[in-house]
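Novice: Protein chains in written order, with our numbering: chain V, 370 to 486; chain S, 2 to 117. Ideal Cβ placement from N, Cα and C applies to all residues, glycine included. Note that the structure is predicted; figures quoted are calculated from it, not measured. Just passing along the structure, written as structure tokens.
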Amino acid sequence: AQKITQTQPGMFVQEKEAVTLDCTYDTSDQSYGLFWYKQPSSGEMIFLIYQGSYDEQNATEGRYSLNFQKARKSANLVISASQLGDSAMYFCAMREDTQDSNYQLIWGAGTKLIIKP
Amino acid sequence: EAQVTQNPRYLITVTGKKLTVTCSQNMNHEYMSWYRQDPGLGLRQIYYSMNVEVTDKGDVPEGYKVSRKEKRNFPLILESPSPNQTSLYFCASSLSRDRDWVAEAFFGQGTRLTVV
């Protein structure tokens with residue numbers, strides 16, 4: 370079974386609108402972390418935001434916020450007031466905090482976001 | 002500036018010719034790892050290292066070697082590259098779990114490797 374599911378392969382959004390990128394995850398661990406990364410066409414991987422499984426408040430970083438719904442196992446990324454520079458691939462990832470997991474990040478397939486002027 | 006530096010950024014090589022992709026971080030992080038990114042397969046972990054002289058296999062270690070002789074460096078070695086190792090490679094680093102790490106928040110710029 371997929372551990373990280375991003376159901377939107379691609380999205381078009383008008384500039385200045387808010388956008389929500391979906392991410393659902395599957396784990397039986399109590400302790401885990403959820404991450405969002407941005408990958409522009411140049412290829413680098415840019416960390417955006419992190420949410421720990423025990424964090425009670427949704428994480429926020431500037432225009433990025435993470436809508437964490439633990440019972441539903443979802444961790445959607447919300448970008449407010451989108452900009453042309455937000456056009457990129459966005460990846461959701463999870464780290465299970467157990468030694469068996471190698472502490473590695475498990476990645477979703479990504480969502481290609483295109484911001485229209 | 003805190004960063005993870007990979008070299009080279011781009012490399013085209015021939016089958017069987019040994020190569021090394023270097024990775025260096027200046028943040029005194031304990032945990033370092035290598036991923037490869039392939040279309041449709043996402044990012045997959047190749048090897049990781051919890052600290053100096055401590056390395057272990059990830060999900061796709063075949064055909065790769067690593068070493069961790071110093072904390073800052075974690076080179077990826079392809080002893081005999083093959084065309085199926087053509088990929089985009091990322092090195093990443095983070096603080097150890099014992100020090101309340103947050104994320105593998107620091108990635109290198111990526112190395113685009115083509116093996117012909």
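Whose Cβ in chain V lies nearer than 8 Å to the Cβ of TYR32 of chain S?
Specialist: Within the second sequence, the letter at position 31 stands for residue 32 of chain S. Residues of chain V passing the Cβ test: TYR472.
Novice: Select from V:LEU390, V:PRO378 and V:GLY412 the residue whose C-alpha is nearest the C-alpha of ARG10 of chain S.
Specialist: Position 9 of the second sequence, counted from the start, is the residue given in the question as residue 10 of chain S. Nearest option by C-alpha distance: V:GLY412.
Novice: I'd like the span of the beta strand (DSSP E) that includes CYS24 of chain S, first residue to last.
Specialist: For the purposes of this step, residue 24 of chain S is taken as residue 23 along the second sequence, with counting starting at 1. Start and end: 20-26.
Novice: In the structure shown, what three-state DSSP assignment does PHE108 of chain S receive?
Specialist: Position 107 of the second sequence, counted from the start, is the residue given in the question as residue 108 of chain S. If DSSP states are grouped into helix, strand and coil, PHE108 of chain S belongs with the strands.
Novice: Assuming LYS407 of chain V is part of the beta strand (DSSP E), what are its boundary residues?
Specialist: Locating residue 407 of chain V in the first sequence gives position 38, where the first residue counts as 1. Segment 401-408, the beta strand (DSSP E) holding LYS407 of chain V.
Novice: Is the stretch 459-466 of chain V in contact with the stretch 401-416 of chain V, if contact means three or more CB pairs nearer than 8 Å?
Specialist: The answer is yes - the stretch 401-416 of chain V touches the stretch 459-466 of chain V, with three or more Cβ pairs under 8 Å.
Novice: Under 8 Å between C-beta atoms, does ALA428 of chain V make it to chain S?
Specialist: By 1-based counting over the first sequence, the position of residue 428 of chain V is 59. With 8 Å as the cut-off, ALA428 of chain V does not count as an interface residue toward chain S.
Novice: With 16 other CB atoms within 10 Å as the buried threshold, where does THR112 of chain S fall?
Specialist: Counted from its first residue, the second sequence places residue 112 of chain S at position 111. By the neighbour-count rule (16 or more Cβ atoms within 10 Å), THR112 of chain S is buried.
Novice: What residue from V:GLN375, V:LEU482, V:LEU446 and V:ALA478 has the CA that sits closest to ARG432 of chain V's CA?
Specialist: As a first step, residue 432 of chain V must be located in the first sequence, where it is residue number 63. With distances taken between Cα atoms, ARG432 of chain V lies closest to V:LEU446.
Novice: So what's ASP455 of chain V in DSSP terms, helix, strand or just coil?
Specialist: Taking the first sequence and counting its residues from 1, one reaches residue 455 of chain V at position 86. Note: ASP455 of chain V maps to helix in three-state DSSP.
Novice: When we look at the beta-carbon of GLY109 of chain S and count the other beta-carbons within 10 Å, is it buried (16 or more) or exposed?
Specialist: Counted from its first residue, the second sequence places residue 109 of chain S at position 108. Answer is buried; the Cβ neighbour count reaches 16.
Novice: Give the straight-line distance between the Cα atoms of ALA93 of chain S and TRP476 of chain V, rounded to the nearest whole angstrom.
Specialist: One-based indexing of the second sequence puts residue 93 of chain S at position 92. One-based indexing of the first sequence puts residue 476 of chain V at position 107. Their backbone Cα atoms lie some 14 Å apart in a straight line.
Novice: Closest Cβ-Cβ distance between GLY64 of chain S and chain V: below 8 Å?
Specialist: For the purposes of this step, residue 64 of chain S is taken as residue 63 along the second sequence, with counting starting at 1. Cβ-Cβ to chain V under 8 Å: no for GLY64 of chain S.
Novice: Do SER449 of chain V and ILE484 of chain V have their C-beta atoms closer together than 8 Å?
Specialist: One-based indexing of the first sequence puts residue 449 of chain V at position 80. One-based indexing of the first sequence puts residue 484 of chain V at position 115. Not in contact: SER449 of chain V and ILE484 of chain V (Cβ atoms no closer than 8 Å).
Novice: Under 8 Å by Cβ, that's how I've got LYS19 of chain S and SER81 of chain S pegged, so tell me the actual separation to the nearest angstrom.
Specialist: Translated into positions along the second sequence, residue 19 of chain S becomes position 18. Translated into positions along the second sequence, residue 81 of chain S becomes position 80. Yes, LYS19 of chain S and SER81 of chain S are in contact; Cβ-Cβ is about 7 Å, under 8 Å.
Novice: By the 9 Å beta-carbon criterion, what residues does the stretch 45-70 of chain S contribute toward chain V?
Specialist: Flagged, chain order: ARG45, GLN46, TYR49, MET51, ASP57, LYS58, GLY59 and ASP60.
Novice: Could you tell me which residues DSSP pairs with ALA462 of chain V in its beta bridges?
Specialist: Here residue 462 of chain V refers to the residue found at position 93 when the first sequence is read from its first residue. Bridge partners of ALA462 of chain V: V:PHE404 and V:TRP476.
Novice: Per DSSP, which residues does MET33 of chain S bridge with? Please list them.
Specialist: As a first step, residue 33 of chain S is located in the second sequence; it is residue number 32 there, counting from the start. Answer is S:SER50 and S:SER94.
Novice: Using the Cα positions of GLN38 of chain S and LYS385 of chain V, report the straight-line distance between them to the nearest angstrom.
Specialist: To locate residue 38 of chain S, count along the second sequence from 1; it is residue 37. To locate residue 385 of chain V, count along the first sequence from 1; it is residue 16. So the alpha carbons of these two residues sit roughly 31 Å apart.
Novice: Would you report the Cα separation of VAL53 of chain S and ALA387 of chain V, rounded to the nearest angstrom?
Specialist: Within the second sequence, residue 53 of chain S is the residue found at index 52, counting from 1. Within the first sequence, residue 387 of chain V is the residue found at index 18, counting from 1. Approximately 44 Å, taken between the alpha carbons.
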